[in-house]
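Engineer: Those protein sequences? They're chains A and B, same order as listed.
Take the first sequence: its position 26, counting from 1, is numbered 25 in numbering that gives the first Met the number 0, and each next residue is one higher.
Take the second sequence: its position 19, counting from 1, is numbered 18 in numbering that gives the first Met the number 0, and each next residue is one higher.
All C-beta atoms in this analysis are idealised placements derived from N, C-alpha and C, irrespective of residue type, glycine included.
Below are the structure tokens for one structure; questions will follow.
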Amino acid sequence: MREVSIVGVGSTPFGKMSDRSIQQLAIEAAVAAIRDAGIDRHEIGALYLGNFVAGPLVNQEILAGLVADELQLPGVPATKVEGACASGGIALRHACLAVATGECDVALAVGVEKMSHASNAQTTSALNCAMDNRSDGATGLTFPGFFGLMWAAHAARYGTGREHVSAVVRKNKANGLRNPLAQQGASLSDDDIAASALIADPLRLHDCCPVSDGAAAVLVTTRDRARTSHPGYVDMLACVQTSGPPRIAGFESPCSFPATVRAATLALQRAGISTRELDFVELHDCFSIAEIIDSEDLGLMPRGQGHRWALEGRTCVGADMPINPSGGLLAKGHPVGATGLGQIYESVLQLRGCHPNQVRDARFGLTHNLGGTGVACTVSILARGDR
Amino acid sequence: MPPRDVCGVCLSNRLAPEAVPGTGTVVGATMIRRPPLALRERGPYVVAMVRSDAGPFITGRVEGDAPPPGTRVELTAYDGDAPVFRAVM
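As structure tokens, then:
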């Protein structure tokens, strides 16, 4: 297998973008990645597109083929991949594999979603396609509900209270204020958060990521080529995908996602580094409590300490383990199929030293993208090329 | 829950249902205030993750308010495919 590096990234802002179609969003991000890499697009040998709910929400499939056609890549295999909210991360893994195996020398991963035009109930129903609808879905469980009951379980086991979880919201919303691509950066007080509407107890509105439109794209090639012709390249030390139980009945614990634990363990092993060497993490905070569970699953702190680290400010930029300097899904937004690649975009900017909320001297970063009730997960470890 | 389609050991699809006690303990519960389309007229309602006395977790609705973790519940009915529990004193 050949080593793989990122040589181009592109992203639209995340938010409500009623003036652009889903294809236009995807193409905008793809073109930005191609220009960033400065390569001839005809060198692209494979395209993978991550998307989750374009079928139910915009009545359009074959997005990979539509994007390949606009980019004028005749004959190039163009594949849509779907793994609920992990679709973007999975698209990247396939692009990396295409280059690593020698199938092609340059591959493009694009992620896109368009959701903001739909009603709350339509969006909730479309996202519920990521549940097993014979069991969890049949009870009327929603994703806010799923994370609400996980919080209740985490609180009973570890004492995770409103103040701990609000610390995650405050940090990510404040980080989002520094990110021009973010949909919902804000300066919030604990009172603002505690006064927002209940969605699925104890989760309130500010605990939930917004509904977003957006796209992100990443261009990968061999490390040998990146080194010689692409300054600012970023090495993919690992890009691991795992699966986990598709329904609550398969869980071992109500406070952990086995797919995350497994992906993180494998990714760190492959990268040959420990969590102590990570300068920042972009993880899947679709809901505030998810950041605490994910950070424990990734091994960033001892199990059961995630809520304390959040409250003590140890996950802020400049502290022990900066989590979601981009604002994360809570503030940057969550255009589902684009999210995993948006995390890579943010990480590449960090490792190039040009992020609007820069972590000082960042050399290693980790991204974590989780789908459904933990049915699919990707963890990638990225490193500055000239480290 | 739901019944498996094939045996996890030998992959046979000749599986028979087995009765288990309809009791368990709440691990976490939530009051859902923004239901999906199919249940738009039904909310708010409570969904809980229950550790059944038979072993696995079961997801089901619970009558009344969201019970705190540790509450003992028993299965009282099915609403379609959804088990409905009630707290037992």
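Is the Cβ-Cβ distance between C353(A) and A258(A) less than 9 angstroms?
Structural biologist: Between C353(A) and A258(A), the gap from beta carbon to beta carbon reaches 9 angstroms or more.
Engineer: Which residues of the region 45-77 of chain B have a Cβ closer than 8 angstroms to any Cβ of chain A? Give them in chain order.
Structural biologist: V46, A47, M48, P55, F56, I57, T58, G59, R60, A65, P67, P68 and G69
Engineer: Quick check: G298(A) and L265(A), are their CB atoms within less than 9 angstroms of each other?
Structural biologist: no
Engineer: Please say whether L218(A) and A270(A) have beta carbons closer to each other than 9 angstroms?
Structural biologist: Remark: C-beta atoms of A270(A) and L218(A) do not approach each other more closely than 9 angstroms.
Engineer: Closer than 9 angstroms, CB to CB, is V26(B) near chain A or not?
Structural biologist: yes
Engineer: Thinking C-alpha only, which one of E62(B), A53(B), D78(B) and D80(B) is nearest G21(B)?
Structural biologist: Here the closest residue by C-alpha is A53(B).
Engineer: Residues of chain A with CB closer than 8 angstroms to the CB of T22(B), please, in chain order.
Structural biologist: Near T22(B) there are no residues of chain A at all, since even the closest Cβ is about 16 angstroms away, more than 8 angstroms.
Engineer: Residues of chain B with CB closer than 7 angstroms to the CB of F250(A), please, in chain order.
Structural biologist: F56
Engineer: Would you kindly work out how many angstroms separate the C-alpha atoms of I198(A) and N119(A), rounded to a whole number?
Structural biologist: If you draw a straight line from the Cα of I198(A) to the Cα of N119(A), it is about 12 angstroms long.
Engineer: Looking at chain B, which residues of the region 148-161 of chain A have a Cβ within less than 9 angstroms of any of its Cβ atoms?
Structural biologist: L148, M149, W150, A151, A152, H153, A154, A155 and R156
Engineer: List, in chain order, every chain A residue whose beta-carbon is nearer than 8 angstroms to that of R13(B).
Structural biologist: Within 8 angstroms Cβ-Cβ: nothing; R13(B) doesn't reach chain A, min ~20 angstroms.
Engineer: Counting only beta-carbon atoms, is M30(B) nearer than 9 angstroms to chain A?
Structural biologist: yes
Engineer: Taking the alpha helix (DSSP H) that D80(B) belongs to, which residues open and close that run?
Structural biologist: Premise fails: D80(B) is in no alpha helix (DSSP H) and is neither H nor E.
Engineer: Identify the contact partners of I198(A) in chain B, using a Cβ-Cβ distance below 9 angstroms as the criterion.
Structural biologist: The contacting residues are I31, R32 and R33.
Engineer: At 7 angstroms on the CB atoms, spell out the chain A contacts of D80(B), in chain order.
Structural biologist: Those are R133 and A137, listed as they occur along chain A.
Engineer: Taking the C-alpha atoms as reference points, what is the distance between L65(A) and G144(A)?
Structural biologist: 35 angstroms
Engineer: When Cβ atoms are compared, which residues of the region 93-121 of chain A fall closer than 9 angstroms to chain B?
Structural biologist: S118, N119, A120 and Q121
Engineer: Which term fits S115(A), buried or exposed, when burial requires 16 or more other beta carbons within 10 angstroms of its beta carbon?
Structural biologist: buried
Engineer: If you draw a straight line from the alpha carbon of T220(A) to that of D78(B), how long is it in whole angstroms?
Structural biologist: 53 angstroms
Engineer: Less than 9 angstroms between the C-beta atoms of G9(A) and A337(A), yes or no?
Structural biologist: no
Engineer: Which residues, in order along the region 236-260 of chain A, keep a beta-carbon less than 7 angstroms from a beta-carbon of chain B?
Structural biologist: I247, A248, F250 and P253
Engineer: What residue does the alpha helix (DSSP H) around N171(A) start on, and which one ends it?
Structural biologist: R161 to L176
Engineer: Quick one: what's got a C-beta closer than 8 angstroms to A152(A)'s C-beta in the same chain, skipping five residues either side?
Structural biologist: Cβ within range, chain order: P253 and C254.
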